[in-house]
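S.K.: Encoded as structure tokens, here's the structure I'll be asking about.
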Amino acid sequence: MIYLDHAAATPVSKKVLEKMTPYFSELFFNPSSPYLPAKTVREDFEHAKSVIANSIGAKGNDLVITSGATEANALAFTAVSSESRSGGAKILVLETEHASVLESVKRYPFELIKVDRTGLIDLSNLKNKLSENTELISVSLANNELGTIQPLAEIATILKEEKLRRLKNHNTTPLFLHSDASQGLSLLDINVARLGVDLLTLNAAKISGPKGVGALYISHEVRLKPFVNGGGQERGLRAGTENVAGVVGFAAAVEALKNHSASKRKKYMRLVENLKHELEGASIEPVFLGNKKSRLANFLPVSFPGLDAERLIYKLEERGVLVSTGAACAASKGEASHVLKAIGLSSEEIAGSLRISLGVLNTEENVEEAGRIIREVVDSEFERIKNDH
Ligand code: PLP
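Quick note: the sequence shown uses the working numbering, first residue 1, plus one each step.
Set out below in structure tokens:
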């Protein structure tokens, strides 16, 4: 099997699993219990949180642990006030955000910000939509279908100017920047101060950590509302017995990333270039999607207009190559990708789109083989259609 879908899931590494295992057995204690072994578990949990937080330039107390990025995104939206005001929307989100953002935001007055053909945010559209009432902007660090990296620092500067303007007008409405960094953590050096974000979503599942574990970074200025009520854990925002094994695994996965991003970026850039070169030889000219300069190095979104991606995926799986059409959740519902629609692809281009995302399971050799297989499958699909006509 050659796995080319690391944006959907990553295998938990052996090291990560080893670190997690004791917390299921001998270190099973509830971190809130009063005896010494439980206190040790509490310390391990807090230490793990600090490791995750430090990796993004924050402190352990700045993080709330969640059951994944979906929950962290929903929690971030509780930053907005509950008072109803007339005028512009309270939240602005990018139209290409993950379903967890687009579905959660529906509970609030919101508007969508446009992207260009490469998936990059349209900054003038953001400026136009910013109103006196806007309290939160949510823009992912990197898109999960295209890998397009958004200029968060530039967005933060625009928001800073708006905040200054409001200050002059005695408008005390807060304005925060949230970013879902689920897809960026494995390859980008993330620092919350440098990015200028107030809220940041992290996801262990995309970095060879366990599924069902995430975190929300919350800056000191932001006040969130309790999201899951109960025993008061996680600052009372998200109660429930802590997932110690999961958080220890998340921290171990974060530690394994340390100092490797530059060399990994180089490796994936080379592999993606080789793959592109191979696909360019196919009978149908591929349309490479996303932004050439500002994209995650391990992403290769590509369309073969005229072909049916669902069939391609099935044929590729028969030959041992696993790829996706877009976000795994959208793909499983058989819906056309809202991301590909937003970047203005034709229905033929959307129907023929594959998302290839490389990662830990890829080598020069297996990517080369996968490229050859994809090209052969595309060629044979082209022949089939030609003979049908
Ligand atoms: N946000 C982005 C950008 C993602 O890629 C994903 C994962 O599919 C999620 C959110 C949801 O993560 P989870 O399923 O771990 O809650």
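In this text, a Cβ means the ideal position worked out from N, Cα and C, and glycines have one as well.
Kindly confirm or deny that the stretch 96-116 and the stretch 66-77 touch, where touching means at least three C-beta pairs closer than 8 Å.
M.R.: Yes, they touch.
S.K.: Could you give the first and the last residue of the continuous beta strand (DSSP E) run that contains L354?
M.R.: Counted from its first residue, the sequence shown places residue 354 at position 354. Run containing L354: 353-357, per the beta strand (DSSP E) assignment.
S.K.: Rank V16, P11, I2, A309 by C-alpha distance to the C-alpha of E255 and give the top, closest one.
M.R.: Indexing the sequence shown from 1 puts residue 255 at position 255. It is V16 whose Cα lies nearest to the Cα of E255.
S.K.: Just the C-alpha distance for S346 and E335, rounded to the nearest angstrom, thanks.
M.R.: Locating residue 346 in the sequence shown gives position 346, counting from the first residue. Locating residue 335 in the sequence shown gives position 335, counting from the first residue. Computed Cα separation, rounded: 15 Å.
S.K.: Curious, which full-length alpha helix (DSSP H) runs of at least 4 residues does the stretch 104-130 contain?
M.R.: You should have 123-129.
S.K.: Got a sec? Which residues, its chain only, sit under 8 Å from R223 by beta carbon, not counting five neighbours each side?
M.R.: Walking along the sequence shown from the start, residue 223 turns up at place 223. Cβ within range, chain order: A79.
S.K.: In the structure shown, what three-state DSSP assignment does R295 receive?
M.R.: Residue numbering aside, residue 295 sits at position 295 when the sequence shown is read from its first letter. Note: R295 maps to strand in three-state DSSP.
S.K.: Can you name the residues that DSSP bridges to T148?
M.R.: Translated into the one-based positions of the sequence shown, residue 148 becomes position 148. R295, per the DSSP bridge assignment.
S.K.: Under DSSP, the alpha helix (DSSP H) around N387 begins and ends at which residues?
M.R.: As a working note, residue 387 is residue 387 in the sequence shown. It spans 364-388 - the alpha helix (DSSP H) in which N387 sits, taken as one unbroken run.
S.K.: Using only alpha-carbon positions, find the residue among G240, T172, Q150 that is nearest to D122.
M.R.: Taking the sequence shown and counting its residues from 1, the one referred to as residue 122 is at position 122. Answer by Cα proximity: Q150.
S.K.: So, are the CB atoms of A156 and A204 less than 8 Å apart?
M.R.: Here the question's residue 156 lines up with position 156 in the sequence shown. Here the question's residue 204 lines up with position 204 in the sequence shown. No.
S.K.: Taking one C-beta from the stretch 308-317 and one from the stretch 281-300 each time, how about it: are there three or more such pairs within less than 8 Å?
M.R.: Taking 8 Å as the limit for Cβ pairs, the verdict is that the stretch 281-300 does not touch the stretch 308-317.
S.K.: Would you say the beta carbon of S140 comes nearer than 7 Å to a heavy atom of ligand 1?
M.R.: One-based indexing of the sequence shown puts residue 140 at position 140. It does: the Cβ of S140 is within 7 Å (strictly closer) of some heavy atom of ligand 1.
S.K.: Would the stretch 269-282 count as touching the stretch 106-113 if we require 3 or more Cβ pairs under 8 Å?
M.R.: Result no; under three Cβ-Cβ pairs closer than 8 Å.
S.K.: Measuring from the CB of D5, is there a heavy atom of ligand 1 at a distance below 7 Å?
M.R.: Position 5 of the sequence shown, counted from the first residue, corresponds to residue 5. No.
S.K.: To the nearest angstrom, how far is the alpha carbon of N229 from that of L146?
M.R.: Here residue 229 refers to the residue found at position 229 of the sequence shown. Here residue 146 refers to the residue found at position 146 of the sequence shown. Distance between the alpha carbons of N229 and L146 is about 36 Å.
S.K.: I need the straight-line Cα distance from Y35 to G232, nearest angstrom please.
M.R.: Counted from its first residue, the sequence shown places residue 35 at position 35. Counted from its first residue, the sequence shown places residue 232 at position 232. Computed Cα separation, rounded: 19 Å.
S.K.: State buried or exposed for D388, treating a residue as buried only when at least 16 other CB atoms are found within 10 Å of its CB.
M.R.: On the sequence shown, residue 388 is found 388 positions in, with the first residue counted as 1. By the 10 Å Cβ count, D388 comes out exposed.
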